[in-house]
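Residue numbers (my numbering), protein chains in the order written: chain A, 13 to 202; chain B, 13 to 202.
Note sheet for the following structure.
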Ligand SMILES: Nc1nc2c(ncn2[C@@H]2O[C@H](COP(=O)(O)OP(=O)(O)O)[C@@H](OP(=O)(O)OP(=O)(O)O)[C@H]2O)c(=O)[nH]1
Ligand SMILES: Nc1nc2c(ncn2[C@@H]2O[C@H](COP(=O)(O)OP(=O)(O)O)[C@@H](OP(=O)(O)OP(=O)(O)O)[C@H]2O)c(=O)[nH]1
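Here's what the structure looks like:
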């Protein structure tokens, strides 16, 4: 996605060989116009499918997912990483491992909000090792719903998450796919 | 806001005399069309002001705030409740007390994203005791920016947060203001 790649080139900060900082438009400050364009781009990529639900995870996935939901006319659900005041229903839960923190966390979605009739697109901001995405897939499977595919704003293709999941048959649409962050530079796959 | 009050009446669950659950459209599942209408309503309420920035806090404030930002053409910043991978800059921080959990947490905003030239509207989903809102106000003050006002989706007017802050001169626009949650029923101020 041209606009997104330009934003990454102009505003992204390469913090290390493996971390790209995009706090100015995606992870802390949000560019609403860009989010709308991202939502529309995901909708375009999946225009061949019927989607009844958009699933994401708090917090950075919320804005991209909500704009996709707006364009599709579909509700958006965000998985919780921590208990919230009103998350009192029966829940689907899954474990998500963090390599950086060397810990495992539980994510939750109320059983009310994904049912076996749903056709789900899973949205997230980054795809690196794919642990969060695997957890969301697990939840959709527990619900007996259909996974239409995933939509990722920025994939770090040099990390293995995307490759492994595509080999298992998951459709993944990334709006920018990074080949390398070496030498402080962002290099895209194309 | 009529549409919002109808949604609350149709889908809200009164969990106790002090807690209203609206997980089906605001706090876990998100109704994107409603969020767009909420953003437009906030923009209408503040159409007499120049707003350069929308400030909110993760997670439930993000969708309402982002739609306001879209309508205004203004960037949106969400305060972090926990350290994130790329929150590495100089930060403005503030302490937010939780009565329910009887604990105090630190919230953070990068100094890059609010400056003294900003005219800020603060957005959040609920206003109860006002602790989160006070923390966000504190951060805007540390930045030397101007607080135009707050925009709250659902105020629980029977709790004291709104009253105290309005007495201190803060403009607060609530889209629904709840007078009572007694006897399992939602009663609005009107
Ligand atoms: N900016 C940035 N973030 C990256 C990058 N690679 C991974 N992340 C984000 O870091 C977080 C994952 O960290 P961990 O759970 O510790 O997992 P990991 O070490 O196994 O990658 C996720 O944030 P998250 O769940 O999206 O958190 P939130 O922002 O939604 O709160 C993920 O999106 C990167 O190159 N740049
Ligand atoms: N659904 C619902 N939520 C309420 C109600 N009253 C307060 N809250 C939410 O509860 C959370 C505040 O809880 P605490 O920090 O424990 O504070 P408190 O006990 O002093 O109220 C906030 O969530 P938050 O920061 O918005 O969390 P998040 O949803 O953004 O993750 C606030 O918006 C209510 O009647 N109904």
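Where a beta carbon is used, it is the ideal one built from N, C-alpha and C, also for glycine.
Small disclaimer: the values here were computed from a predicted structure and weren't measured.
Partners in chain A for residue i, counting only beta-carbon separations shorter than 7 Å
i	result
residue 125 of chain B	40, 41
residue 116 of chain B	What residue 116 of chain B touches in chain A: nothing, since even the nearest Cβ is about 17 Å away.
residue 122 of chain B	35, 40
Beta-carbon gap between residue i and residue j smaller than 8 Å
i	j	result
residue 167 of chain B	residue 148 of chain B	no
residue 90 of chain B	residue 109 of chain A	no
residue 165 of chain A	residue 67 of chain A	no
residue 44 of chain B	residue 78 of chain A	yes
residue 144 of chain B	residue 50 of chain B	no
residue 5 of chain A	residue 80 of chain A	The question about residue 5 of chain A has no answer, for chain A in this structure spans 13 to 202.
residue 182 of chain B	residue 159 of chain B	yes
residue 105 of chain A	residue 120 of chain A	yes
residue 153 of chain A	residue 111 of chain A	no
Residue i: contacting residues in chain B (beta-carbon distance under 7 Å)
i	result
residue 74 of chain A	71, 74, 75
residue 57 of chain A	Here the premise fails: no neighbours, minimum Cβ distance about 18 Å.
Neighbouring residues, chain B, relative to residue i (Cβ below 9 Å)
i	result
residue 26 of chain A	Going along chain B, no residue has its Cβ under 9 Å from residue 26 of chain A, so there is no contact; the nearest lies around 11 Å.
Chain-ordered chain B contacts of residue i [CB-CB under 8 Å]
i	result
residue 178 of chain A	In chain order: nothing, as chain B lies at least about 24 Å away.
residue 33 of chain A	98, 100
residue 89 of chain A	40, 41, 42
Residues of its chain near residue i, where Cβ-Cβ distance is below 6 Å and the 5 sequence neighbours each way are ignored
i	result
residue 199 of chain B	191, 192
residue 125 of chain B	89
residue 62 of chain B	131
beta-carbon residue i near ligand 2 non-hydrogen atom, thresh 7 Å
i	result
residue 144 of chain B	yes
residue 132 of chain B	no
residue 117 of chain A	no
residue 103 of chain A	no
Contact with chain C by residue i, beta-carbon distance below 8 Å
i	result
residue 160 of chain B	Going by chain labels, chain C is absent from the structure shown, which instead holds the protein chains A and B.
Near ligand 1: residue i beta-carbon under 7 Å from a heavy atom
i	result
residue 122 of chain B	no
residue 71 of chain A	yes
residue 31 of chain A	yes
residue 113 of chain A	yes
residue 168 of chain A	yes
residue 110 of chain A	yes
residue 195 of chain B	no
residue 140 of chain A	yes
residue 100 of chain A	no
residue 39 of chain A	yes
Same chain, Cβ closer than 7 Å to residue i, five either side skipped, listed in chain order
i	result
residue 82 of chain A	51
residue 74 of chain A	68, 90
9 Å Cβ cut-off: residues of chain A touching residue i
i	result
residue 82 of chain B	44, 45, 47, 48, 79
residue 92 of chain B	40, 71
Next item on the list: Flag this pair as touching only if the region 29-45 of chain B and the region 53-64 of chain B have three or more C-beta atom pairs under 8 Å; answer yes or no.
Entry: no
Notebook entry, point to check: Using 8 Å as the threshold, is the region 125-133 of chain B in touch with the region 17-24 of chain B, meaning 3 or more CB pairs across them?
Noted result: no
Notebook entry, point to check: Quick one: any contact between the region 68-86 of chain B and the region 129-149 of chain B, if contact means 3 or more CB pairs under 8 Å?
Noted result: yes
Margin query: With a threshold of 8 Å, are at least 3 pairs of Cβ atoms found where one atom belongs to the region 162-178 of chain B and the other to the region 188-202 of chain B?
Written below: yes
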